[in-house]
Amino acid sequence: MFLKTETITAKKMIGFSIKTTMANDQTVKIWQQLMPRLKEIKNAVSADLFSLQIYNGETFEEFTPTTAFTKFALVAVKNYDFVPENFQQFDLPAGKYAVFLHKGTSADFPKTTHYIYAEWLPNSEYTIDDRPHFAVMGDNYLGHENPETEEEVWVPIQ
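Under full-length UniProt numbering, the first residue of the sequence shown carries the number 1, and numbering increases by one thereafter.
Now the structure itself:
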């Protein structure tokens, strides 16, 4: 599951966001906005899609199914010279991340998060940094209900 630690440079991204909770997850709405409009993005860095979360500083223990957070559906772009109408700009700050591989359906995802936050992190030399968390859905992402799908989970650390 754990792949590596990596320090990234800042990234420019565009897409859509929504306030949501785990108990009343509205994430599908922003993906329904983004996916039909991908062809409008003229300066994408790659075909990778980013599912990004901004939390409000809660610890793993404090986070509950009703804790509100902001969820983004994004594409990394070279610059903001061409931003399609109604897209939001998002600047992902540089920093160090622990990178994990999630393989399986979205229903399997709680096992991955439990491993990251309840097992790996407490036994590592790192703590969570107050930066966005994100998942990268690249070439091996086959859809959230496919048991063979893979996505990278990036957790900000310090």
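All residues carry an ideal CB built from backbone N, CA and C; glycine is no exception.
Nothing here was measured: the structure is a model prediction, and the numbers come from that model.
Here His114 is exposed: its Cβ has fewer than 16 other Cβ atoms, across all protein chains shown, within 10 Å.
Asn79 and Ser46 have their alpha carbons spaced roughly 13 Å apart. A direct Cα-Cα distance of roughly 26 Å separates Lys11 from Trp120. In this structure, the beta-carbon distance from Val75 to Met13 falls below 8 Å. Cβ atoms of Phe2 and Gln53 stay farther apart than 8 Å, at about 19 Å. According to the DSSP assignment, Gln89 belongs to the beta strand (DSSP E) that extends over Gln88 to Leu92. Secondary structure note for Lys103: its beta strand (DSSP E) is the uninterrupted segment Gly95 to Lys103.
Residue pairing by DSSP places Leu49 opposite Met137 in a beta bridge. Its Cα nearest to that of Phe87, the residue Val77 stands out among Gly95, Val77, Gly143 and Lys96.
Under the DSSP assignment, Thr112 falls in the alpha helix (DSSP H) whose first and last residues are Phe109 to His114. In the structure shown, the three-state DSSP call for Ala76 is strand. In this structure, the alpha-carbon of Leu34 lies about 7 Å from that of Ala73. The secondary-structure analysis by DSSP pairs Ala44 across a beta bridge with Val77. Glu119 carries a helical assignment under DSSP once its states are collapsed to helix, strand and coil.
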